[in-house]
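According to the working numbering, the sequence shown is numbered sequentially starting from 1. Just below is one structure, and these are the notes that go with it.
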Amino acid sequence: MNSEKMPQLTFLSDGQKGTLDAVRRKFPNSCHAFCMRYLSESISKEFKNSRLVHLLWKAAYATTMTAFKEKMAEIEEASPEAAKWIQQFPPSRWALLYYKGTRYGHLSSNIEDWWILDARELPIIQVVEQIHNKLTSEFEDRRTRSHSWFSVLAPSAETRMREVISRASTYQVLQSDEVEFEVISAEPSDIVNIGKHSCSCRDWQLYGLPCAHAAAAIMSCRKDVYAFAEKCFT
């Protein structure tokens with residue numbers, strides 16, 4: 001398998017060492033994140049404190065250093081033991097702020113154990129075959145449903161795109177050169193590079209869809225915002 005020619009993949013797992021090593025070995029160019037559902041269930045089981053779970057999710061979704069540090073400080077205040085426990089999981093594996101790849105808005109795998117429950121006791125080759133059959137069925141079902149769509153993007157992506165375009169209309173845009181822009185909103189200004197598909201708020205890189213700042217920059221130079229969405233959403 002030539003993984004170098006593959007698009008950059010994102011893996012979500014429970015972070016067990018065997019999985020980490022296997023992904024690193026077979027897909028060296030991929031990005032590997034921990035499933036936040038697994039992480040939040042683990043901290044809940046370890047410390048029996050729902051507030052810690054809530055704060056951990058807030059920290060995971062934070063896209064600024066200030067917001068992330070605030071939530072981590074609240075965890076430290078609520079339970080120094082929990083704050084120390086979290087240190088065994090590098091933020092680059094679970095926090096949006098530090099993640100290097102694209103998570104397309106997903107922090108958890110959303111796959112329940114029952115999905116392959118009937119295959120769990122089978123030999124590994126048959127388990128892989130069962131997973132392959134399940135995925136093939138899922139892809140075919142979604143392909144069939146997509147025939148009834150009339151939007152440019154998949155429904156959830158289309159909804160998000162319309163929302164960011166609506167917000168973008170209220171922003172002021174200062175163009176630096178052909179690809180770089182400063183976008184001024186009610187918050188501190190953000191720097192957008194439409195050539196690199198990036199924004200200093202990091203939403204564009206993390207979700208694979210232009211954020212409101214990017215949409216404002218793109219529209220200011222009379223380009224199609226939809227053309228800057230990742231192909232997987234079309």
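Positions of the beta carbon are idealized from the N, C-alpha and C atoms, including for glycine. Keep in mind that this is a model prediction, so the values were computed, not measured.
| Check | Outcome |
| --- | --- |
| Continuous alpha helix (DSSP H) assignments of at least 4 residues falling wholly in the segment 9-87 | 17-26, 36-47, 50-61, 65-78, 80-86 |
| Close-in-space but distant-in-sequence residues of the same chain around Thr102 (CB under 7 Å, 5 per side omitted) | Thr10, Gln205, Leu206, Gly208 |
| Buried or exposed by the 16-neighbour rule on C-beta atoms within 10 Å, applied to Pro210 | buried |
| Segments assigned alpha helix (DSSP H), at least 4 residues, entirely inside the segment 142-204 | 155-168 |
| Nearest neighbour of Val152, chosen from Thr66, Pro28, Cys232, Ala62 [CA to CA] | Cys232 |
| Anticipated Cβ contact below 8 Å, Ala60 with Ala33, distance rounded | No, Ala60 and Ala33 are not in contact; Cβ-Cβ is about 10 Å, not under 8 Å. |
| Rounded straight-line distance, which links the Cα of Ser166 to that of Phe228 | 16 Å |
| Backbone secondary structure at Ala95 - three-state DSSP | coil |
| Buried or exposed (CB count within 10 angstroms, at least 16 for buried), Arg160 | buried |
| Selected residue, minimal CA-CA separation from Arg93, among Ile184, Leu20, Leu55 | Leu20 |
| Span of the alpha helix (DSSP H) around His213 | 212-220 |
| Coil, strand or helix - Ala229 by DSSP | coil |
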